[in-house]
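**Q** The structure follows.
Numbering (this note's numbering), first residue to last: -17 to 98.
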């Protein structure tokens, strides 16, 4: 509504893409995200992201933020409670919520599809 010229729309989309990429890259580097052993999980190793962790370990916040949303939700339901810390779940949830709300209010021709 407020952004009407094509140049401002392109600037808005570029800013939103840069914001999302920055958040999804730098948030898993916070000291709150922990490295956990892959021996404790039930799912295949391919679903877990090894970001700044040793071999045979995964970063819980990077796994929640960098896997597809449907995979992350399945991991939250089917893994044990020790697989993801509460702080990582809150940070990932708030990050995805804020990015969805900002993107939904932008002038992009996309639809938000949440599979159930």
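Glycine is no exception: its CB is placed at the ideal position from the N, C-alpha and C atoms.
Here's the rule I'm using: 16 or more other beta-carbon atoms within 10 Å means buried, otherwise exposed. How should residue 18 be labelled?
**A** When all chains shown are included, residue 18 counts as buried.
**Q** Tell me whether the beta-carbon of residue 108 lies closer than 8 Å to the beta-carbon of residue -6.
**A** The shown model of the chain, from -17 to 98, leaves out residue 108, and the question about it has no answer.
**Q** Are the CB atoms of residue 43 and residue 10 nearer to each other than 8 Å?
**A** Yes, the Cβ-Cβ distance between residue 43 and residue 10 is below 8 Å.
**Q** Using the rule of at least 16 other Cβ atoms within 10 Å of the residue's Cβ for burial, across every protein chain shown, is residue 15 buried or exposed?
**A** With 16 or more other Cβ atoms within 10 Å, it is buried.
**Q** Need the endpoints of the alpha helix (DSSP H) that residue -6 sits in, please.
**A** Start and end: -12 to 8.
**Q** Which two residues bound the contiguous alpha helix (DSSP H) that contains residue 38?
**A** Unbroken run through residue 38: none, as it is neither H nor E.
**Q** Rounded to whole angstroms, what's the CA-CA distance from residue -13 to residue 72? Just pull it up for me.
**A** If I take the Cα positions, the gap works out to 37 Å.
**Q** Going by DSSP, what residue range makes up the beta strand (DSSP E) through residue 19?
**A** Element bounds for residue 19: 17 to 19.
**Q** Report the CB separation of residue 32 from residue 61 in whole angstroms; it is logged as a contact under 8 Å.
**A** About 16 Å; that fails the 8 Å criterion.
**Q** Can you tell which of 49, 47 and 26 has the C-alpha that lies nearest to the C-alpha of residue 38?
**A** When only C-alpha atoms are compared, the closest one is 26.
**Q** How many angstroms separate the CA atom of residue 66 from the CA atom of residue 35?
**A** Rounded to the nearest angstrom, the two C-alpha atoms are 15 Å apart.
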